[in-house]
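*Asks:*
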Amino acid sequence: MIWIYVSANFDEVKLTQKILEQIPECGHKNTNSLAGLQHDMNKFLSKRFLLVLDDMWEESEGRWDKLLAPIRATQVKGNVILVTTRSLSVARITTRTEADHINLDGLDEHDFFPFFKRCIFGDENFQVQRKLLKIAEDIASKLNRNPLAAKSVGSLLRRNVNVEDWIRIRDSDEWRFNERNDDIMPALKLSYNHLPYHLQLLFSYCAIFPKGYKFEKEELICTWIALGFVVHERKKLEDQGSDCFDDLVDWSFFHKHEQYFVVHDLMHDVAQEVMVKKCLIIDCLDLRKVFPSTCHLGIWTELAYNEQSIERNEDFEEKLDAIQDKDILKRLESLILVGLYDENCSAKLATIIEQLHYVRVLRLQFNDDILLASVKKFIHLRYLELRYTSDMQKPLPKHICELYHLQILDVRHWNGLNDLPEGMNNLVNLRYLLVPGSGSLHSKISKVGDLEFLQELKEFRVQKKDGFDISQLGNLKEIKGSLSILDLENVTSKEEATRAGIKQKKHLRTLSLSWGSASASPAAIQEKVMEGLKPHENLAHLTVVNYAGATPLWFAKNLSLTNLESLHLQDCATMKLLPPFQIMPFLRTLSLVGLSSLKDFQIDFRSYEKDELELSEIEILNCSALPSIGLHSCKALTKLSIKDCGALTKLSIANCEALASLELEGTPSSDQLMLNIQGCSQLPSGFISN
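When we follow our numbering, the leftmost residue of the sequence shown carries the number 1, and every step to the right adds one.
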């Protein structure tokens with residue numbers, strides 16, 4: 001069974017890739033060659049299949065035939081292709097006769113109202129006063145038995161469960177525009193009109209994106225912030241933006257799809273309708289009317305140019321010509337350019353970009369310098385995304401460091417980027433620097449402490465040269481997510497380490513502390529430095545690597561990290577004491593690697609109920625002096641791995657239900673349940689006591 005969401009973006013290569021991704025046996029290579037993909041499809045479509053192509057709009061019979069060519073060539077009989085569409089002409093192209101059409105009406109009358117009640121109250125059997133029930137029945141009769149309308153209006157009614165508000169919704173003028181029996185736009189528009197104004201503003205901006213676009217929550221929130229749409233006197237802007245986004249999900253304007261969010265096509269129509277005078281999209285579809293009030297422009301070239309052979313597209317160029325030399329370009333607040341294009345198109349795009357004056361959000365995909373020439377003059381920029389697609393390495397231009405209002409710089413898709421220009425610390429309003437890979441480029445920012453609004457710093461490498469001392473971290477009080485501090489041998493005292501202000505970084509969830517090697521600095525100095533790096537009590541994940549000192553007080557007797565979810569200690573050669581695990585009920589994974597002085601390992605959770613514990617995975621490797629391991633009441637434990645612990649003579653496991661079932665019943669090891677013990681030569685046969 002293969003389900004593909006098509007939408008207006010009909011691309012034979014991408015659709016074929018999506019089909020192959022859903023064939024379990026197919027490990028096809030990621031290629032843009034349609035011939036290669038179709039060869040794979042011929043090879044792996046060896047079973048009878050049901051293929052659903054959801055929401056089709058493509059009216060070219062030639063493109064439809066090209067997509068289906070390998071499917072029609074298969075020798076397997078009994079295959080079914082189901083196409084859903086809102087276009088009668090698409091239905092005629094994809095079927096032989098109109099007898100093959102299945103015209104969908106709304107839900108059955110007997111099913112619809114219980115479903116509508118569930119959308120409002122969460123339960124179709126919810127008991128509600130008769131007057132409210134009668135009003136709900138009246139509203140339901142206006143929804144044409146459409147489930148999307150039920151979800152949208154149901155979310156609206158759920159907000160205020162009272163007679164007055166419901167009557168106002170039932171008697172709204174919006175229903176007068178119900179022109180057809182199957183028209184649900186009035187219902188969706190009604191839901192939009194009842195949004196608070198700030199949520200209307202945030203949602204309607206989505207009109208600049210094409211239908212079917214996969215939104216990343218954090219990326220969209222950053223765009224809203226850059227445009228000044230998110231304001232709050234007390235909360236962090238990111239937190240306020242997140243709350244607003246969650247509200248829109250709750251109101252059914254966004255839907256979760258895998259790790260992304262999508263807007264239903266009909267909801268997208270609502271956004272385009274209300275923003276028709278402010279948002280303009282240029283793509284392979286017909287160009288909408290250009291209004292003088294347009295302030296947001298999206299140029300999407302993906303369907304206008306074929307990735308395999310980029311040829312000139314004069315029709316697309318004419319659409320670009322339609323906005324040339326217009327005053328709207330001077331007033332544009334945001335411009336998004338995504339997709340490949342040829343040299344002729346590039347020249348026209350460069351002319352458009354040259355005319356921008358007050359742009360705050362600029363997202364560019366390019367492979368030569370012609371589009372970058374004007375960026376340095378955009379002093380109002382808050383959000384800049386640069387996608388460099390050429391295979392030739394190119395550094396980031398230095399003049400980016402003069403865009404002093406910049407809040408978000410996204411270069412995740414800049415091919416071959418391995419350095420940053422000098423002067424990044426001049427971007428004093430920067431909140432996010434999004435870079436390729438794991439974030440190692442963050443460690444190349446000299447005087448990063450000047451960026452006091454920075455929300456993320458993935459990596460900081462301590463150096464003895466100016467601008468890379470650990471005190472640079474002291475000003476970064478707002479950083480969240482994860483922080484990895486490397487080369488801590490270059491820190492020489494507790495006072496110096498304390499100036500990093502690790503304890504004050506309350507939004508940090510993951511911390512990694514690493515020395516270049518265990519002998520990189522004296523153990524006594526490392527102990528003092530470690531004491532100065534005490535994190536806040538809500539830290540979730542901690543990693544310590546190549547630490548040569550004794551266990552710090554904040555990690556042993558005076559443990560404050562009771563909310564840890566994972567702990568990884570690696571090559572901490574002189575660490576003998578471990579934290580009291582019995583007061584760490586949220587710990588899920590524990591990894592001890594190369595703790596050569598560790599003499600005892602005991603975990604006892606007898607004081608907790610089973611549902612209160614989360615420790616599911618323990619890994620103990622290369623702990624050469626460890627003679628005994630004791631695990632008691634680790635009821636959630638499903639993975640235990642002990643390797644190369646040569647001194648281990650005793651392993652006691654008591655009341656660990658999952659592991660007991662594995663050992664006693666012979667349950668096969670799997671990703672969910674595993675007991676793995678290797679290289680422990682002193683451990684006698686029948687080694688597990690109790």
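Using N, Cα and C, we set each Cβ at its ideal position, and we do this for glycine too.
1) Between isoleucine 479 and serine 512, is the Cβ-Cβ spacing less than 8 angstroms?
2) Tell me the rounded alpha-carbon separation between glutamate 61 and aspartate 54.
3) Going straight from the alpha carbon of leucine 615 to that of threonine 589, what length do you get?
4) What residues match up with glycine 122 in a beta bridge as DSSP calls it?
5) Taking 8 angstroms as the limit between beta carbons, can you name the residues of its chain near phenylalanine 601, skipping five residues before and five after?
6) Where DSSP assigns a beta bridge to alanine 8, which residues make up the other side?
7) With a threshold of 7 angstroms on Cβ separation, who are the neighbours of phenylalanine 126 within its own chain once the five nearest residues in sequence on each side are excluded?
8) Among all the DSSP beta bridges, which residues are the ones paired with asparagine 676?
9) What are the residues that DSSP puts in a beta bridge with isoleucine 282?
10) Is the CB-CB distance between leucine 381 and leucine 396 below 8 angstroms?
11) What's the C-alpha gap between cysteine 345 and isoleucine 323?
12) Kindly identify the DSSP beta-bridge partner or partners of tyrosine 432.
13) Which class does valine 654 belong to by DSSP, given the choice of helix, strand or coil?
14) If you draw a straight line from the alpha carbon of leucine 441 to that of glycine 532, how long is it in whole angstroms?
15) Buried or exposed for alanine 271, going by 16 or more other Cβ atoms inside 10 Å?
16) When DSSP builds the beta bridges, which residues end up paired with valine 262?
17) For glutamine 504 and isoleucine 583, I'd like the C-alpha separation in whole angstroms.
18) What is the rounded straight-line gap between the Cα of phenylalanine 113 and the Cα of alanine 149?
19) Alpha carbons only, please: which of Leu337, Leu335, Leu34, Glu527 is nearest the one belonging to lysine 14?
20) Taking the Cβ atom as the reference point for each residue, do aspartate 472 and valine 435 lie within a distance shorter than 8 angstroms?
21) Keeping to the same chain, check which residues put their C-beta closer than 7 angstroms to that of glycine 666; ignore five residues upstream and five downstream.
22) For tryptophan 3, is the classification buried or exposed, using 16 other Cβ atoms within 10 angstroms of its Cβ as the cut-off for buried?
23) Under a Cβ-count criterion, where at least 16 other Cβ atoms within 10 Å of its own Cβ denotes burial, should tyrosine 260 be classed as buried or exposed?
24) Measuring straight from C-alpha to C-alpha, what distance separates valine 231 and histidine 255?
25) With DSSP run on the structure shown, which of helix, strand or coil describes phenylalanine 555?
26) Using the Cα positions of lysine 576 and glycine 549, report the straight-line distance between them to the nearest angstrom.
27) Quick one: what's glutamate 385 bridged to in DSSP?
28) Rounded to whole angstroms, what is the Cα-Cα separation between lysine 326 and glutamine 365?
29) Using C-beta distances below 8 angstroms, list every residue in its chain close to lysine 694, excluding the 5 sequence neighbours before and after it, in chain order.
30) Output the boundary residues of the alpha helix (DSSP H) element that contains glutamate 238.
31) How close, in whole Å, do the beta carbons of glutamine 308 and asparagine 103 come, if the pair is a contact with beta carbons under 8 angstroms?
32) Could you please give the first and the last residue of the uninterrupted alpha helix (DSSP H) stretch that includes histidine 198?
33) Tell me whether valine 263 is buried or exposed, calling it buried when 16 or more other Cβ atoms sit within 10 Å of its Cβ.
34) State the Cα-Cα distance for the pair aspartate 111 and asparagine 146, rounded to the nearest angstrom.
35) Mapping the DSSP letters down to three states, classify phenylalanine 112 as helix, strand or coil.
36) Is the beta carbon of leucine 659 sitting closer than 8 angstroms to the one on leucine 637?
*Replies:* Working from what's here:
1) Walking along the sequence shown from the start, residue 479 turns up at place 479. Walking along the sequence shown from the start, residue 512 turns up at place 512. No, these two residues do not count as a Cβ contact at 8 angstroms.
2) Mapped onto the sequence shown, residue 61 falls at position 61. Mapped onto the sequence shown, residue 54 falls at position 54. Cα atoms of glutamate 61 and aspartate 54: separation of roughly 17 angstroms, rounded to the nearest angstrom.
3) The residue given as residue 615 occupies position 615 in the sequence shown. The residue given as residue 589 occupies position 589 in the sequence shown. Taking the straight line joining both Cα atoms gives about 6 angstroms.
4) For the purposes of this step, residue 122 is taken as the residue at position 122 of the sequence shown. Answer is none; glycine 122 lacks a bridge partner.
5) Residue 601 sits at position 601 when you count from the first residue of the sequence shown. Taking phenylalanine 601 as the centre and dropping the five residues before and after it, the same chain places the C-beta of Leu578, Leu592, Ile620, Cys623, Leu626, Ser628, Ile629, Gly630 closer than 8 angstroms to its C-beta, in chain order.
6) Residue mapping note: residue 8 aligns to position 8 of the sequence shown, counting from 1. In the DSSP secondary-structure assignment, alanine 8 is not bridged to any residue.
7) Walking along the sequence shown from the start, residue 126 turns up at place 126. For phenylalanine 126, where only same-chain residues beyond five positions count, the Cβ hits under 7 angstroms are Lys117.
8) For the purposes of this step, residue 676 is taken as residue 676 along the sequence shown, with counting starting at 1. When DSSP reads this structure, asparagine 676 sits in a beta bridge with Ser641.
9) For the purposes of this step, residue 282 is taken as the residue at position 282 of the sequence shown. Looking at the DSSP assignment, isoleucine 282 forms a beta bridge with Ile299.
10) Walking along the sequence shown from the start, residue 381 turns up at place 381. Walking along the sequence shown from the start, residue 396 turns up at place 396. No, the Cβ-Cβ distance between leucine 381 and leucine 396 is not below 8 angstroms.
11) Sequence index remark: in the sequence shown, residue 345 carries index 345 (1-based). Sequence index remark: in the sequence shown, residue 323 carries index 323 (1-based). Cα-Cα distance, rounded: 14 angstroms.
12) Numbered from its first residue, the sequence shown carries residue 432 at position 432. Ile408.
13) Residue mapping note: residue 654 aligns to position 654 of the sequence shown, counting from 1. The amino acid occupying residue 654 in the given sequence is alanine; valine does not appear at that position. Alanine 654: strand per DSSP, three-state reduction.
14) On the sequence shown, position 441 is the one that residue 441 refers to. On the sequence shown, position 532 is the one that residue 532 refers to. The straight-line gap from Cα to Cα measures roughly 26 angstroms.
15) Position 271 of the sequence shown, counted from the first residue, corresponds to residue 271. Alanine 271 comes out buried.
16) Numbered from 1 along the sequence shown, position 262 holds the residue referred to as residue 262. DSSP, once it has assigned bridges, lists His255 as partnering valine 262.
17) By one-based count along the sequence shown, residue 504 stands at place 504. By one-based count along the sequence shown, residue 583 stands at place 583. Rounded to whole angstroms, the gap between the alpha carbons of glutamine 504 and isoleucine 583 is 23 angstroms.
18) Position 113 of the sequence shown, counted from the start, is the residue given in the question as residue 113. Position 149 of the sequence shown, counted from the start, is the residue given in the question as residue 149. Whole-angstrom Cα-Cα distance: 12 angstroms.
19) In the sequence shown, the residue the question calls residue 14 occupies position 14. Cα-wise, what sits closest to lysine 14 is Leu34.
20) Within the sequence shown, the letter at position 472 stands for residue 472. Within the sequence shown, the letter at position 435 stands for residue 435. Per the sequence shown, the amino acid found at residue 472 is glutamine instead of aspartate. Contact: no.
21) Sequence index remark: in the sequence shown, residue 666 carries index 666 (1-based). Since pLDDT at glycine 666 reaches only 39, below the 50 mark, its modelled position is unreliable, and the value read off the structure follows with that caveat. Excluding residues within five positions, none has a Cβ falling inside 7 angstroms.
22) Taking the first residue of the sequence shown as position 1, residue 3 is located at position 3. Around the CB of tryptophan 3, fewer than 16 other CB atoms lie within 10 Å, so the residue is classed as exposed.
23) Numbered from its first residue, the sequence shown carries residue 260 at position 260. Classification of tyrosine 260: exposed, given that the 10 Å Cβ count is below 16.
24) Taking the sequence shown and counting its residues from 1, the one referred to as residue 231 is at position 231. Taking the sequence shown and counting its residues from 1, the one referred to as residue 255 is at position 255. Rounded to the nearest angstrom, the two C-alpha atoms are 24 angstroms apart.
25) Counting from one through the sequence shown, the residue named residue 555 turns up at place 555. Note: phenylalanine 555 maps to helix in three-state DSSP.
26) In the sequence shown, the residue the question calls residue 576 occupies position 576. In the sequence shown, the residue the question calls residue 549 occupies position 549. Distance from the CA of lysine 576 to the CA of glycine 549, rounded to the nearest whole angstrom, comes to 10 angstroms.
27) Here residue 385 refers to the residue found at position 385 when the sequence shown is read from its first residue. The partner list for glutamate 385 (beta bridge, DSSP) reads Arg363, Asp410.
28) Position 326 of the sequence shown, counted from the start, is the residue given in the question as residue 326. Position 365 of the sequence shown, counted from the start, is the residue given in the question as residue 365. One Cα belongs to lysine 326, the other to glutamine 365, and the distance between them is close to 23 angstroms.
29) Outside the modelled stretch of the chain, which goes from 1 to 690, sits residue 694, for which no answer is possible.
30) In the sequence shown, the residue the question calls residue 238 occupies position 238. Where glutamate 238 is concerned, the enclosing alpha helix (DSSP H) stretches over 237-250.
31) Here residue 308 refers to the residue found at position 308 when the sequence shown is read from its first residue. Here residue 103 refers to the residue found at position 103 when the sequence shown is read from its first residue. Between the beta-carbon of glutamine 308 and that of asparagine 103 there is about 38 angstroms, and that puts the pair past the 8 angstroms contact cut.
32) Position 198 of the sequence shown holds residue 198. Per DSSP, the unbroken alpha helix (DSSP H) holding histidine 198 starts and ends at 197-204.
33) Taking the first residue of the sequence shown as position 1, residue 263 is located at position 263. Buried is the label assigned to valine 263, since at least 16 other Cβ atoms lie within 10 Å of its Cβ.
34) As a first step, residue 111 must be located in the sequence shown, where it is residue number 111. As a first step, residue 146 must be located in the sequence shown, where it is residue number 146. Rounded to the nearest angstrom, the two C-alpha atoms are 11 angstroms apart.
35) Taking the first residue of the sequence shown as 1, we reach residue 112 at position 112. Here phenylalanine 112 sits in helix by DSSP.
36) Taking the sequence shown and counting its residues from 1, one reaches residue 659 at position 659. Taking the sequence shown and counting its residues from 1, one reaches residue 637 at position 637. With contacts defined as CB atoms closer than 8 angstroms, leucine 659 and leucine 637 qualify as a contacting pair.
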